[in-house]
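Residue numbers (our numbering), protein chains in the order written: chain A, 1 to 404; chain B, 1 to 136.
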Amino acid sequence: MYDIEQIRRDFPILSVSINGHPNTFLDTAASAQKPQCVIDAVSQTYANSYANVHRGAYYLSEEMTVKYEQARAKVRKFLNAASEHEIVFTRNATEALNLVAYSWGRKFLKPGDEVLISQAEHHANLIPWQILRDEIGIKLQIFKIADDGSYVADEFLGLLSEKTKLVSVTAMSNVLGTVFPIADMVKAAHRVGALFMVDACQYAAHRKIDVQDWDCDFLAFSGHKTYGPSGIGVLYGKMSLLEQMPPYQVGGDMVDTVSYDHTTYALPPARFEAGTPAMVDAIGLGVALDYLQNLGWDNLCAHEEELIAYTNAKLQEIPGLKIIGTAADKGGVFSFDLNGIHAQDVAFILDKEGVAVRTGHHCAEPLIKRMGYTSLARASLGLYTSHQDIDRFVNALQKTQSFF
Amino acid sequence: MQIDELIENFELLEDWEDKYRYLIDLGAKLPPLPQELQSEEWKVSGCQSQVWLVPEVVMENGQKLLDFKGSSDAAIVKGIVAVVLSIFAHKTPAEIKEIAVENIFAKLGLSEHLSPSRRNGLSAMTDKIRYYAEVL
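Rendered as structure tokens:
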């Protein structure tokens, strides 16, 4: 049972009025709203149990450390990782992707080695590899997607070779919604001896992840897109890999012994968590992941699947509206072109009607160009999105058309 | 159109819808900016849509005056460009420095409709015009 009205009441911001209209928040793919339990966890931690972690031998520090490590345990369970030592807290998914490029990439990649990504990657899963290409002389290979945004196995397999050392691909495109068949892709990558990293930013908030089932080597996701606080992200890495990787940043809480001459580093994950971490945000993330899982993946997926079908049908009724990205397996992401009206104009008018959509290149500029645009508007769904949201969105789109 | 006339026209419009329709209309009536001027050279960075501003210096009675041409690929912003062009039309560099754009947009009843990030577009345009006034 998925009581959408009850669920919406868990998110206080949804009852805030926007420009005199109900808050029709359709930008969850950029950042999700927070349930009251996450807001409470953050404020209560500051109010009642705040101190630095892993340092002080006193009550509050102990308590805070326990809570921080409990949050790590919750992330482990969320991803079904083999061990909590494989869970590194970062600022966000961008930092997690950069960490792998910086630490693993600089140590293990050599000139002529290849990194393979898709055309549908976020800048955070493109630019770090471009930098390694220019610094080390690796080759960055990019496999094509179909015009409708679908994954094309032949394009991926065609570029996968013995030279490929790492494949790094989004599990769900933030622009097109396309879901990539990660398990199959990982198998193919491993057959040629390549490692596989998953950008699970979008996927993590919508479908259940099992890193052992996927057998991926690295995975990144962000807290703020999974209904948790901003400022916290996660890197999952297989222990055998994390152990071999040098630190990404250096400082406090990540060392074993330090002398003026020499430093030995702590084991993962501490090795990759230099300085005071975003511990309160990590605790908030743990609560958000509990909230998400308590809804039940089956219930959540059924709700979103039905709502995606409803949105598709409603949008198709609007003459002149074209959905960009229509892969058979896609998440609740609807990039669209409305009669060639500039995306910003669409967003201005939708905003006046209380409807929030994202516009621009969505941090995936080459992908937007590949789809034939310079800027797109995007509506995205979340666990709290209702049919009424979609109806208000459609009405606002029709109003937008009346301006042009 | 003179800016005073624009302010009067906007005052007659009651709600955001009419104001937006009028803005779109103002943008549509701008003389087309030649394709070759819609280039990186004349682009105003810091806007969510593409905006171009092209300055022109005219000498009148030994005094230096600036005029601007401009456009945008988005309709509402193009209307804002039209307003900006009338605000800064045929002014001396000293006058350009003194004009309080935010106040004029408040009088037009538009400032409340322009969120900070959109206002950044407006302030990016103003900064660019002031830059030209300084260097030309």
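Ideal Cβ positions, reconstructed from N, Cα and C, are used throughout, including at glycine.
What you are looking at is a predicted structure, and each value in this text was computed from that prediction instead of being measured.
Chain A contact for residue i (CB, 7 Å cutoff)
i        : result
B/Ser-49 : yes
B/Trp-52 : no
Chain B within 7 Å of residue i, Cβ atoms only
i         : result
A/Lys-369 : no
A/Gln-141 : no
A/Phe-348 : yes
A/Asp-148 : no
A/Gln-344 : yes
Residue j beta carbon less than 7 Å from that of residue i
i         : j         : result
A/Ala-189 : A/Phe-196 : yes
A/Ala-274 : A/Val-250 : yes
A/Gly-137 : A/Ala-327 : no
A/Lys-67  : A/Ile-341 : no
A/Thr-178 : A/Glu-114 : no
A/Asn-92  : A/Ser-222 : yes
A/Phe-89  : A/Pro-277 : yes
B/Lys-62  : B/Gly-27  : Per the sequence presented here, residue 62 of chain B reads as Gly, with Lys not at that position. It is not a contact, given that the beta carbons lie outside the stated cut-off.
A/Glu-86  : A/Gly-233 : no
A/Glu-84  : A/Arg-72  : yes
A/Leu-279 : A/Val-42  : Here the sequence assigns Met to residue 279 of chain A, which means Leu is not the residue at that position. Not a contact, by the Cβ cut-off of 7 Å.
B/Gly-70  : B/Val-81  : yes
A/Leu-376 : A/Ala-343 : yes
A/Gly-26  : A/Val-333 : As written in the sequence, residue 26 of chain A is Leu, which differs from the Gly given in the question. Not in contact: A/Leu-26 and A/Val-333 (Cβ atoms no closer than 7 Å).
A/Met-405 : A/Trp-129 : Nothing in the structure corresponds to residue 405 of chain A, since chain A is present only between 1 and 404.
B/Gln-38  : B/Trp-52  : yes
A/Met-371 : A/Ile-323 : no
A/Leu-157 : A/Leu-116 : no
A/Phe-393 : A/Val-355 : yes
A/Thr-226 : A/Ala-204 : yes
A/Gln-36  : A/Ile-13  : no
A/Gln-212 : A/Asn-80  : yes
A/Gly-331 : A/His-224 : no
B/Ala-133 : B/Ile-96  : yes
A/Ala-47  : A/Ser-61  : no
Residues bridged to residue i [DSSP beta-bridge criterion]
i         : result
A/Glu-95  : Beta-bridge pairing links A/Glu-95 to no other residue.
A/Met-279 : BP columns for A/Met-279 are empty, so no partner.
A/Pro-12  : DSSP lists no partner for A/Pro-12.
A/Asp-27  : A/Ser-380
A/Gly-296 : Answer is none; A/Gly-296 lacks a bridge partner.
A/Gly-360 : A/Leu-376
A/His-21  : A/Ile-18
A/Ser-222 : A/Gly-233
B/Val-51  : B/Ser-72
B/Met-59  : B/Lys-64
A/Ile-142 : A/Ile-117
A/Leu-338 : A/Leu-321
A/Leu-241 : Paired residues: none, contrary to the question.
B/Ser-86  : Its beta-bridge partners do not exist; DSSP assigns none.
A/Thr-164 : A/Glu-114
A/Phe-196 : A/Val-167
A/Tyr-203 : Bridge partners of A/Tyr-203: none, in fact.
Same chain only: Cβ atoms within 7 Å of residue i, ignoring 5 sequence neighbours per side
i         : result
B/Ile-104 : Ile-3, Ile-87
B/Lys-91  : Leu-65, Leu-66
A/Gln-70  : Gly-286
A/Asn-339 : Gly-320, Gln-401, Phe-404
A/Asp-256 : Thr-264, Tyr-265, Ala-266
A/Ala-30  : Arg-358
A/Ile-182 : Ala-171, Val-198, Trp-214, Cys-216
Listed by chain order, chain A residues near residue i by CB distance under 8 Å
i         : result
B/Val-135 : Correct list: empty, because the minimum Cβ distance to chain A is about 29 Å.
B/Tyr-20  : Phe-348, Ile-349, Lys-352, Phe-403
Per-residue contacts from residue i into chain A (C-beta, under 7 Å)
i         : result
B/Ala-100 : Those within 7 Å of B/Ala-100 in chain A number zero; the least Cβ separation is about 24 Å.
9 Å Cβ cut-off: residues of chain B touching residue i
i         : result
A/Phe-404 : Ile-24, Ala-75
Partners in chain B for residue i, counting only beta-carbon separations shorter than 7 Å
i         : result
A/Lys-352 : Trp-16
A/Gly-360 : Gln-48
Contacting residues, own chain, Cβ-Cβ under 6 Å from residue i (five flanking each side not counted)
i         : result
A/Glu-353 : His-21, Ala-396
A/Tyr-175 : Checking the displayed sequence, the identity of residue 175 of chain A turns out to be Val instead of Tyr. Cβ neighbours of A/Val-175 beyond the five flanking positions: Ser-335, His-362, Ala-364, Leu-367.
A/Phe-218 : Val-100, Met-197, Gly-237
B/Met-125 : Val-44, Val-84
A/Asp-253 : His-54
A/Val-75  : Ile-87, Val-234
Cutoff 8 Å; reference residue i; Cβ partners in own chain excluding five residues on either side
i         : result
B/Leu-30  : Gly-70, Ser-71, Lys-78, Val-81, Ala-82, Leu-85
A/Gln-119 : Ile-142, Phe-143, Lys-144, Ile-145, Pro-366, Leu-367, Arg-370
B/Ser-49  : Ser-72, Asp-73, Ala-74, Val-77, Gly-121
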